[in-house]
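**Student:**
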Amino acid sequence: MRVFIFLALCFAAVVAVPSNPQRIVGGSVTTIDRYPTIASLLYSWNLSSYWQACGGTILNNRAILTAAHCTVGDAVSRWRIRLGSTWANSGGVVHNVNANLVHGSYNSRTMDNDIAILR
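Encoded structure:
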């Protein structure tokens, strides 16, 4: 009986491995050339190393539209914005964030008005 259970677990583990291990589900790989208005929002816990935490859209030369649930409650010094790069960790231009304007009626429980502007 134990051998059967062991073999069943081994079989289940092999079957569970995806045949196409891409991180994109239902989409395709693209570049910044195709979507030049995309912004990468970089977050830091320690204010020295940053990682991509959210995305946004360029509104104008001073503002990025994003989701409030990404930025609400965080100090603006923890955020940077990378523009003009296909890659999260290199290329493009990195900007500091000076203001985080969260919608006045944002509700974190219902996600109503889940919108913010970073400047």
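Count the sequence shown with full-length UniProt numbering and you get residues 1 to 119, in order.
Even glycine gets a Cβ: it sits at the ideal position worked out from N, Cα and C.
1) Is it true that the stretch 78–87 meets the stretch 104–117, where meeting means three or more beta-carbon pairs spaced less than 8 Å apart?
2) Give the secondary structure of Thr-57 by DSSP, where H, G and I count as helix, E and B as strand, and everything else as coil.
3) Comparing alpha-carbon positions, which option in Arg-109, Leu-47, Val-29, Gly-27 lies nearest Ser-77?
4) Report yes if the CB atom of Ala-68 is closer than 9 Å to the CB atom of Val-102, and no otherwise.
**Tutor:** Reading off the structure:
1) Short answer: they don't touch.
2) Three-state result, Thr-57: strand.
3) When each option's Cα is compared against that of Ser-77, the closest is Leu-47.
4) Yes. Within cutoff.
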